[in-house]
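What follows is a short report on a single structure.
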Amino acid sequence: MIQQPTNTAGGATSLPAPPSAGSVTLTINGVQRHMQLAPWTTLLDALREYADLTGTKKGCDHGQCGSCTVLVNGKRINSCLTLAVMQEGNEITTIEGLGQPESLSPLQQAFIDHDAFQCGYCTPGQICSAQGLLNEGRAHTEDEIRELMSGNICRCGAYVGILAAVKEVVDKQSEIVK
Amino acid sequence: MSQLITTPRLVEAGTSNTSHIGKPTSRVEGPAKVTGTAKYSAEFNVPDMLYGYVVTSPITKGRITKINTEPVLALAGVVQIFSHENVPSLAWFDRSYKDDVAPGGSPFRPLHDNEIKFNMQPVALVVAETFEVARYAASVLEIEYAEDKFDTNIDLKRDEGHEPGSGKTGFMPPPPPRGNPNDALKNATHRIEGEYIHGAQHHNPMEMFATTVEYHPDGKITAYDKTQGVYNVQQYITKIFGLSKDQARVVNHYMGGGFGSGLRPQYQVFLAVLAALELKQSVRVSLTRQQMFSFGHRPHTLQYLKMGTNPDGTLAALHHHALHETSRFEEYTENVVNWSGMLYQCENVKLGYQVAELDVYTPLDMRAPGAATGSFGLEVAMDEMAYAAGIDPLDFRIRNYAEQDQNMKKPFSSKKLRECYHEGATRFGWDKRTPEPRSMREGNQLIGWGMAGGVWDASMQKAAAKATFTADGKLLVQSAAGENGTGTYTIMTQIAAETLGLPIEAVTFELGDTNMPEAPVQGGSWTAASVGSAVKNVCTDIGEKLLKLAQKMEGSPLKGASIDDVHFADGQIRLSANPSEAVVVRDILAASGEEKLEAETSAMPNLIKQQPYSMHSHNAVFAEVRVDEDLGTVHVTRVVNAVAAGRILNTKTARSQVLGSVVWGISMALMEETVMDHTFGRYMNHNYAEYHIPVNADIHDIDVIFVEEEDDKVNPLGVKGIGEVGMLGVAAAITNAVYHATGKRVRELPIYMDKLL
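Keeping their order, the protein sequence lines are chains Y and P.
Quick note on numbering: UniProt numbering labels position 136 of the first sequence as 136, and the sequence is numbered without any gaps.
Quick note on numbering: UniProt numbering labels position 496 of the second sequence as 496, and the sequence is numbered without any gaps.
Okay, here's the thing in structure tokens:
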């Protein structure tokens with residue numbers, strides 16, 4: 001628990017106290033999680049530091065790289081750009097919720113098959129973003145996928161594999177729709 | 001001790017389901033990476049952990065005059081603030097702070113004294129109970145400074161460069177001039193000269209540097225650190241903090257990208273260990289993306305090249321001089337110009353290399369250090385020379401093909417660069433190119449085709465590995481190597497499985513832990529050769545033990561056979577002369593009554609075998625750009641990269657390394673640059689929004705060719721390494737393509753559109 005600061009003696013200026021933690025309930029991968037969080041805790045830090053769901057990655061903390069992409073009610077967002085308290089009542093899906101090593105999602109399997117990663121650090125964000133892309137149903141061509149996957153940076157430069165993996169799953173999905 | 005032998009099924013000699021080397025095996029750690037279960041350094045959530053947040057200097061040079069800690073320490077949740085004012089006495093001599101990859105000089109010591117040596121220098125660590133409070137507390141910590149004048153601009157140091165001393169391990173001073181380079185240039189039929197420049201670049205791996213130090217009740221620590229060398233970090237922290245090796249274990253199972261940035265221990269590991277030892281509690285320190293620009297970079301480099309040709313289109317003379325920045329406290333070196341003395345045949349060569357001191361942090365090896373830089377200058381100059389002499393740029397290179405390394409005066413152990421040229425050109429369709437600039441277009445898209453190439457060291461270091469084969473038929477192999485996306489887990493699993501004739505699933509390879517046998521830092525493209533050889537050796541040792549036990553089995557067909565008489569395949573030990581005579585490996589331990597077999601050994605380069613040769617990998621790159629005639633925007637629409645790097649252990653992961661290298665080359669050519677504001681001595685675009693690197697939409701067709709190249713001299717596996725060679729020449733090929741498209745010769749990277757308008 002964070003307590004209120006006491007003002008220092010001797011005339012030293014006292015600084016604004018950090019906000020206190022409070023109860024927050026988040027629905028993550030279908031499970032309700034009760035946490036004690038200060039209101040300035042981002043969803044990203046809530047996942048990684050408080051819920052021990054470290055599959056969601058921090059690459060910049062400024063919404064510039066996409067590593068922290070998760071799905072909120074099926075839509076992809078940067079979890080570093082939203083506070084955890086703002087997501088109460090929403091369905092949050094992280095990479096852990098998409099599949100596990102013994103039960104991979106089609107996208108996860110396609111990423112392995114096409115070697116769509118090297119170091120693996122941007123990968124959970126890429127896959128969550130690709131799942132969001134599938135949910136949106138907007139991307140069909142290679143150029144559309146490239147453009148709509150461009151919010152996720154990969155410094156290893158695995159874009160050729162990422163495109164191939166996402167395209168394969170997009171194509172399979174459109175066959176099912178047909 | 002003995003048991004009846006299962007009759008093995010008949011197989012033809014030489015065929016097996018357990019030959020894995022060279023196959024496109026999917027990454028064995030793939031499931032862990034795509035599900036987020038692979039744990040990186042900041043993801044070990046140990047109990048009762050504190051968070052440290054780094055405060056960095058806003059000034060470039062001067063002194064800290066006051067740190068007002070009192071109001072910050074009074075904040076609820078703040079535990080301690082570490083600065084030079086309260087750091088305990090640590091190791092005194094420079095040698096304690098020198099890591100395996102340190103250049104000459106005095107390494108930077110975090111929080112050592114009140115002196116500021118570079119902008120964004122770490123000056124304090126605020127430790128708090130939560131990340132949020134640590135971040136807030138760090139943001140309100142008031143520090144006063146006295147500023148001194150500083151120099152950060154290499155442009156103003158052109159006349160103050162000096163030849164470096166011995167430099168760091170692997171640095172080779174340029175060879176002395178050969179022939180008569182001045183006269184040969186003067187008498188040349190055609191001449192070109194120019195200055196080639198690129199600014200500073202930062203590695204920027206996706207994972208930010210972080211260390212989680214777990215403090216154990218007995219006072220020992222485990223540091224989960226982002227590093228390319230756990231042993232390098234262990235010796236660094238044990239020497240500085242006076243710990244024994246068993247008191248400080250360093251672990252890195254997964255590294256979210258390195259590219260050289262993790263070769264040296266970075267300051268967050270120092271700060272996290274300091275805080276954990278002082279507070280006797282577990283601590284995590286993660287850097288911010290901005291702070292990722294506060295240590296180590298590819299140095300801002302100025303290159304000057306002069307060339308001349310003979311009437312027959314051969315090189316008459318080649319001069320290549322480079323000057324780059326280093327810090328005031330360390331003399332960073334890389335091999336920038338040496339490549340120019342060996343890539344092409346030329347009798348009259350003069351190479352020069354200098355560094356100049358600035359008030360910046362020490363530069364740091366970044367993917368293909370020196371060669372990425374040097375191949376840009378050399379290969380753009382070669383294109384200019386080809387045009388000046390009226391020769392096709394590819395033909396010009398073939399005319400000047402080097403059959404031996406003229407720097408070392410040695411033959412190459414193998415060199416298939418000619419095949420790279422031919423196979424790359426054929427795949428690309430180079431023969432359809434019209435040579436005149438601006439001669440190819442579609443609408444307002446100017447199309448340009450350019451090519452270039454490069455050369456990189458094939459090195460091997462000492463490495464060790466341990467193997468354990470258990471009665472259930474499983475093999476565990478361990479070595480403290482690194483996995484930063486290069487495919488180490490997978491290729492080592494392939495080597496181990498093939499050596500003992502096992503399926504991939506029966507083998508587990510573990511890495512990145514100082515409790516395992518030592519491996520060199522993950523760099524220099526030497527991991528496959530070094531750790532791979534150790535893995536092969538240790539598995540061969542297990543194989544010998546298995547053979548001995550197999551020979552004790554009742555009715556063993558292997559009695560009297562030596563290890564050279566048998567081979568391991570499909571889970572059997574087979575007589576090579578008659579493969580139907582075999583023993584099933586899984587039966588051997590059961591028959592012997594042993595629960596497991598263990599072996600530990602190392603591999604070293606065979607210097608006697610290597611000494612007569614120059615050992616290098618090569619590549620040739622062909623690039624197509626489309627330049628919007630009105631806007632000057634450049635798109636790289638097609639790249640073919642033909643690589644000769646010895647034996648390719650895994651065509652899938654190796655291809656990915658070269659694909660990534662091409663993306664790096666595109667980035668270097670068109671986007672990447674850390675911009676210094678010399679008024680403040682500070683990098684101004686220190687974030688992912690303004691430090692531009694390619695996104696998915698920037699990358700189009702990339703074709704990778706592995707040219708067959710056998711080499712029995714480099715190492716027993718015949719591998720040369722693949723992590724760096726693919727990047728060579730990419731930026732030059734694009735620059736040359738831009739010239740072909742537009743007629744504008746750009747000599748300063750990156751090629752922003754203003755340079756084409």
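Every residue, glycine too, gets a C-beta built ideally from N, C-alpha and C.
Relative to I608/P, the option among F469/P, V714/P and L141/P whose CA is nearest is V714/P. The C-beta of F108/P comes no closer than 8 Å to any C-beta of chain Y. H297/P is positioned such that its CB atom lies closer than 8 Å to that of T674/P.
Between I563/P and V636/P, the C-beta gap is not smaller than 8 Å, which leaves the two residues out of contact.
Non-local C-beta neighbours of L476/P in its own chain, meaning closer than 6 Å and more than five positions away in sequence, comprise T468 and T508, ordered along the chain.
Using a Cβ-Cβ cut-off of 8 Å, N45/P counts as an interface residue toward chain Y, since at least one Cβ of chain Y sits closer than that to its own. Contact between D151/P and N444/P fails: their C-beta atoms lie close to 45 Å from each other, not under 8 Å. Rounded to whole angstroms, the separation of the alpha carbons of R63/P and D148/P is 8 Å. Counting only runs that start and end inside the segment 206-281 of chain P, the alpha helix (DSSP H) elements of at least 4 residues fall at 230-241 and 267-279. If you draw a 10 Å sphere on the C-beta of V160/Y, you find 16 or more other C-beta atoms in it, and that means buried.
Ranked by how close their Cα comes to the Cα of Y353/P, the residues P205/P, L323/P and A381/P have L323/P in first place. Non-local C-beta neighbours of Q173/Y in its own chain, meaning closer than 7 Å and more than five positions away in sequence, comprise L134, ordered along the chain. Residues of the segment 412-424 of chain P whose Cβ lies closer than 9 Å to any Cβ of chain Y: none.
The segment 486-498 of chain P and the segment 549-563 of chain P do not touch, with fewer than 3 CB-CB distances between them shorter than 8 Å. Contact between T362/P and Y332/P holds: their C-beta atoms lie close to 5 Å from each other, under 8 Å. For Q36/Y, the number of other beta carbons within 10 angstroms of its own is below 16, and it is reported as exposed. Assigned with DSSP and collapsed to three states, H740/P falls in helix.
Interface criterion not met: the Cβ of L47/Y is under 8 Å from no Cβ in chain P. Taking CB atoms only, K75/Y has no neighbour in chain P less than 8 Å away.
Going by DSSP, I398/P is part of the alpha helix (DSSP H) stretching over P393 to R399. The beta-carbon distance between I28/Y and L53/Y, rounded to whole angstroms, is 7 Å. This is short enough to meet the 8 Å contact definition. Contact check for H700/P and R638/P: beta-carbon distance about 7 Å, within the 8 Å limit, so the pair qualifies.
For H686/P, there is no enclosing alpha helix (DSSP H), as DSSP marks it with neither H nor E. For N153/P, same chain residues with a beta-carbon under 6 Å away, outside a window of 5 residues either side, are H678 in chain order. Excluding residues up to 5 positions away in sequence, L133, A139, L163, V166, K167 and V170 lie with their Cβ nearer than 8 Å to the Cβ of I145/Y in the same chain. Between S479/P and A528/P, the gap from beta carbon to beta carbon reaches 8 Å or more. Restricting attention to K350/P, V285/P and D225/P, the CA atom closest to the CA of L315/P is found in K350/P. Per DSSP, reduced to three states, the secondary structure at D698/P is helical.
Using beta-carbon distances, Y688/P counts as an interface residue toward chain Y, with a partner under 8 Å. Excluding its 5 nearest sequence neighbours in each direction, Q281/P has C-beta neighbours in its own chain below 7 Å: D48, L50 and Y215, listed in chain order. Interface criterion met: the Cβ of R146/Y is under 8 Å from a Cβ in chain P. At a cut-off of 8 Å between beta carbons, Q100/Y contacts chain P. DSSP places I197/P within a strand segment (E or B) once states are collapsed to three. W92/P sits exposed, since fewer than 16 C-beta atoms from the chains shown fall within 10 Å of its C-beta.
P106/Y has a beta carbon lying at 8 Å or more from every beta carbon in chain P. Bridge pairing for R441/P: L446/P [DSSP].
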